[in-house]
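In what follows, a single structure is set out as structure tokens and then discussed.
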Amino acid sequence: MTIKLMMFGRRSPGQTLVEHRRHMKDVHGRIVLDYIAADPQNAPRKYVQNHGLDAVFAGDDAAPAALRLGLDFVTQIWFEDLGSLKASRETAFYNERLRPDEPRFVDNANVIGQPFSEERVREPASASTDVKVFVVRPAGQPAVDVAERLAASDVAYSGHCRNTAVTPGPIAAVDEFWTDGEDEARRLLDHCRAALNAHATEAERSAAFLIAREYRLFAGR
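If you're matching positions, the sequence shown starts at 121 in this note's numbering and goes up one per residue.
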């Protein structure tokens, strides 16, 4: 089973969003691509960055800190399995080049990294579709089929991926929707928020939401 490592977090303290995005994509992203070229056996099989455009942070005090603070990014990295993921983070390249660079654009005190399995429910209508909505739900909450709840509405989206945690961790599931631009993404976020909150108690309203622009830095092999 292919594993999708997802990283959820905020920019480094004292850093603007522009500085964060530039470093994440042009500096750190370049190092990851160098890793893929230098050591394809251990490097990621696919690599995608999602840069936050707008967000709703979780209001429940029991939610993980990363979700209560609000997200600036979601990074997605694919591996063959959990063993490959572990091995990739133990290489000299990772520990000498990638790990030291992470604090330069990530608030490491409040980042979550967790492996998921992905179900591609609907592929994006176009390869150029690059604006997404993430619905991030913490562990300990009732299971919810977000897409099923959206079916009763007239909101549009062009693609959907359902991500389910494969190891115990602070996040249980992430729904990922591709949309045709920011306006559609904002409408979808409003519908997702209403769909989740309609049947939830105050204590269960702990999901976080992120509108992001997707950068497919390495499409896979």
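Each residue gets a CB set at the ideal place from its N, CA and C atoms; glycine is no exception.
Mind listing, in chain order, the continuous beta strand (DSSP E) runs of no fewer than 3 residues lying wholly within the stretch 207–291?
232–242, 251–258 and 279–285
Reduced DSSP secondary structure (H/G/I, E/B, other) of GLY172:
strand
For ASP201, does the count of other Cβ atoms within 10 angstroms reach 16, so buried, or fall short, so exposed?
exposed
For ALA175 versus LEU189, is the C-beta spacing smaller than 7 angstroms?
no
Excluding the five sequence neighbours on either side, which residues of its own chain have a C-beta within less than 8 angstroms of the C-beta of TYR335, listed in chain order?
LYS145, GLY149, VAL168, GLN169, ASN170, HIS171 and ASP250
Per-residue DSSP class, three states only, for ARG333:
strand
Is any beta-carbon of chain D found at less than 7 angstroms from that of VAL256?
Protein chain content of the structure displayed is limited to a single chain, and chain D is not contained in it.
What are the residues that DSSP puts in a beta bridge with GLY129?
PHE193
Hey, how far is the Cα of MET127 from the Cα of VAL255?
14 angstroms
If we count the other Cβ atoms within 10 Å of its Cβ and call it buried at 16 or more, is ASP180 buried or exposed?
buried
Once DSSP output is grouped into helix, strand and coil, what is the label at ASP303?
helix
With 16 other Cβ atoms within 10 Å as the buried cut-off, status of GLN161
exposed
Element boundaries [alpha helix (DSSP H), containing ARG165]
Careful: ARG165 lies outside any alpha helix (DSSP H) and carries neither H nor E.
Below 8 angstroms, can you find three or more Cβ-Cβ pairs linking the stretch 304–317 to the stretch 262–272?
yes
Name the one or two DSSP bridge partners that GLU296 has.
PHE254 and CYS281
Quick check: the Cα distance between ILE291 and LYS124, rounded to an integer number of angstroms?
14 angstroms
Which residues does DSSP pair with PHE177 in a beta bridge?
In DSSP, PHE177 forms no bridge with anything.
Grab me the residues of SER208's own chain with a C-beta within less than 6 angstroms of its C-beta, minus the 5 sequence neighbours each way, in chain order.
ASN162
Segment limits, alpha helix (DSSP H) that includes GLY134:
No alpha helix (DSSP H) contains GLY134, which DSSP labels as neither H nor E.
Spatial distance of THR136 from GLU222 (CA atoms):
16 angstroms
Tell whether a beta-carbon distance below 7 angstroms holds between ARG282 and ASP274.
no
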